[in-house]
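Since the structure comes first, as structure tokens, the remarks are kept for the end.
Residue numbers (UniProt numbering): 1 to 188.
Written as structure tokens, this is what we have:
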């Protein structure tokens, strides 16, 4: 009971959005029910259905959320890198530019359940795959190209053999351009 004699019907305030429950108490003090239980279960069911609808809607699609604004160079380069990876693997994707349409930004916020989502984000078949990798492995020897000048002939494509006379032969360890696969990349 409160100071003015009225019955305190709720023991705690409740919001069905954050999942807290409040008990409805009778005049005798017994619990008669839980406030907003039906409303919260309907809300939870709608959220689950929304997720299932996205999966069904994007069943055989790859969707990427990117920005075409190059004001923040790092973000623009990450977006470009993701689209380039998908393009190089010949993956068809749906391009959703959050800088062009606020609807796409709102949709991304709802899908990730965050107020400030980072960009780019990749979804495949309605499921979140992730964002761009912040750092990629770059080999110190080859710079990420996978090839180095031949260590045996130094890239000249000729190996010299010293017997009775100096004989120049074609190097068998490198290809026709004088390059060989990076040994550091093979080990990793």
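Every residue, glycine too, gets a C-beta built ideally from N, C-alpha and C. These numbers come from a predicted model, not from an experiment.
| First and last residue of the uninterrupted alpha helix (DSSP H) at residue 106 | By one-based count along the chain shown, residue 106 stands at place 106. From DSSP, the alpha helix (DSSP H) with residue 106 extends over 102-112.
| query | When you compare each of 29, 63, 30 and 25 to residue 127 by their alpha carbons, which one comes out closest? | reply | In the chain shown, the residue the question calls residue 127 occupies position 127. Per the Cα distances, 63.
| request: Kindly indicate which three-state DSSP category residue 124 falls into: helix, strand or coil? | output: The residue labelled residue 124 in the question sits at position 124 within the chain shown. Looking at residue 124 - three-state DSSP - the assignment turns out to be strand.
| Cut-off 8 Å between Cβ atoms - residues of its own chain near residue 170, not counting five sequence neighbours on either side | Position 170 of the chain shown, counted from the first residue, corresponds to residue 170. Around residue 170: 157, 158 and 159.
| query | residue 96 bridges to which residues according to DSSP? | reply | Translated into the one-based positions of the chain shown, residue 96 becomes position 96. 65, per the DSSP bridge assignment.
| request: Within the same chain, show all residues whose beta-carbon is closer than 8 Å to that of residue 115, passing over the 5 residues directly before and after it, in chain order. | output: Numbered from its first residue, the chain shown carries residue 115 at position 115. Here the set comprises 109.
| said: Taking a contact to mean a Cβ-Cβ separation below 8 Å, would you say residue 67 touches residue 119 in this structure? | reply: Residue numbering aside, residue 67 sits at position 67 when the chain shown is read from its first letter. Residue numbering aside, residue 119 sits at position 119 when the chain shown is read from its first letter. Yes. Within cutoff.
| Distance between residue 124 and residue 61 (C-alpha atoms, nearest Å) | Counted from its first residue, the chain shown places residue 61 at position 61. Counted from its first residue, the chain shown places residue 124 at position 124. If I take the Cα positions, the gap works out to 6 Å.
| request: Alpha carbon to alpha carbon, how far is residue 96 from residue 86? Give it in angstroms, no decimals. | output: Working through the chain shown from its first residue, we reach residue 86 at position 86. Working through the chain shown from its first residue, we reach residue 96 at position 96. Roughly 14 Å between the two C-alpha positions.
| Rounded straight-line distance, which links the Cα of residue 65 to that of residue 102 | Numbered from its first residue, the chain shown carries residue 102 at position 102. Numbered from its first residue, the chain shown carries residue 65 at position 65. Their Cα atoms are separated by approximately 12 Å.
| request: Taking only the alpha-carbon atoms, compute the straight-line gap between residue 140 and residue 147 and give it to the nearest angstrom. | output: The residue you call residue 140 lines up with position 140 of the chain shown. The residue you call residue 147 lines up with position 147 of the chain shown. Cα to Cα, the separation comes out at about 12 Å.
| request: Give the straight-line distance between the Cα atoms of residue 237 and residue 57, rounded to the nearest whole angstrom. | output: The shown model of the chain, from 1 to 188, leaves out residue 237, and the question about it has no answer.
| request: Check each candidate in 177, 142 and 154 and name the one with the smallest Cα separation from residue 183. | output: The residue labelled residue 183 in the question sits at position 183 within the chain shown. With distances taken between Cα atoms, residue 183 lies closest to 142.
| task | Report yes if the CB atom of residue 144 is closer than 8 Å to the CB atom of residue 151, and no otherwise. | result | In the chain shown, the residue the question calls residue 144 occupies position 144. In the chain shown, the residue the question calls residue 151 occupies position 151. Annotated as distal: residue 144 and residue 151, with beta-carbon spacing of 8 Å or more.
| task | Give the secondary structure of residue 149 by DSSP, where H, G and I count as helix, E and B as strand, and everything else as coil. | result | As a working mapping, residue 149 is identified with position 149 in the chain shown. Three-state result, residue 149: strand.
| Cβ neighbours of residue 100 in the same chain (closer than 8 Å, five flanking residues each side left out) | Position 100 of the chain shown, counted from the start, is the residue given in the question as residue 100. Within the same chain, residue 100 has close Cβ partners 68.
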